[in-house]
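Numbering (this note's numbering), first residue to last: -10 to 129.
Here it is as structure tokens:
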């Protein structure tokens, strides 16, 4: 697993934790759910990348959530599975603010993480929402 992929996993876990427990940003950036042995599996550059993603996503969370809501047809935002919401927030932030990362990379990573952590149909849902966000951003 590459360094950025590991960073995305950490960022996803932090955003999930944020949604579940409303931990302050400072606590999230310390990865309190990881044991020292688990933390050693994440190189410093992965942890740094994760901190960047977590901070940026939470700083822009209202804008990110609005972009997600625009793509939800016949679905209430508050009913989103927390795993899906964390993945969508992370990925929408990347699509909108990380212009140096190709959209296809961001979406593919989100779909892969949804396959690993989400429900059986999460990856399809994530792919559809992110593709809609991508098209919306391309038209801006």
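Don't be surprised by glycine CBs; every beta carbon is placed ideally from N, CA and C.
- Item | Reduced DSSP category for residue 25 - H, G, I as helix; E, B as strand; rest coil | Taking the chain shown and counting its residues from 1, the one referred to as residue 25 is at position 36. In the structure shown, residue 25 sits in a helix (DSSP, three-state: H, G or I).
- Nearest to residue 87 by CA position, among 43, 108, 100, 31, is which residue? One-based indexing of the chain shown puts residue 87 at position 98. Proximity to residue 87 across 43, 108, 100, 31 peaks at 43, based on C-alpha coordinates.
- Within 7 Å, strictly: CB atoms of residue 57 and residue 81: Taking the first residue of the chain shown as 1, we reach residue 57 at position 68. Taking the first residue of the chain shown as 1, we reach residue 81 at position 92. Less than 7 Å separates the beta-carbon of residue 57 from that of residue 81.
- Message: Do residue 90 and residue 119 have their beta-carbon atoms positioned less than 7 Å apart in this structure?
- Response: Looking up residue 119 in the chain shown gives position 130. Looking up residue 90 in the chain shown gives position 101. No, they are not a contact pair.
- Query: Taking contact to mean at least 3 C-beta pairs separated by less than 8 Å, is the segment 49 to 65 in contact with the segment 9 to 20?
  - Reply: No: the two stretches stay apart, fewer than three of their Cβ pairs being nearer than 8 Å.
- Message: Can you tell me whether residue 133 is buried or exposed? The criterion is at least 16 other CB atoms within 10 Å of its CB, across all chains shown.
- Response: Within the shown structure, residues of the chain are numbered from -10 to 129, placing residue 133 beyond reach of any answer.
- Rounded C-alpha distance that separates residue 110 from residue 59: On the chain shown, residue 110 is found 121 positions in, with the first residue counted as 1. On the chain shown, residue 59 is found 70 positions in, with the first residue counted as 1. Rounded to whole angstroms, residue 110 to residue 59 spans 20 Å at the Cα level.
- If you draw a straight line from the alpha carbon of residue 102 to that of residue 20, how long is it in whole angstroms? Position 113 of the chain shown, counting from 1, holds the residue named residue 102. Position 31 of the chain shown, counting from 1, holds the residue named residue 20. Between residue 102 and residue 20, the C-alpha separation is close to 19 Å.
- Item | Inter-residue Cα distance where the pair is residue 24 and residue 2 | On the chain shown, residue 24 is found 35 positions in, with the first residue counted as 1. On the chain shown, residue 2 is found 13 positions in, with the first residue counted as 1. So the two alpha carbons sit approximately 14 Å from each other.
- Item | Anticipated Cβ contact below 8 Å, residue 4 with residue 79, distance rounded | Sequence index remark: in the chain shown, residue 4 carries index 15 (1-based). Sequence index remark: in the chain shown, residue 79 carries index 90 (1-based). 6 Å between Cβ atoms; contact.
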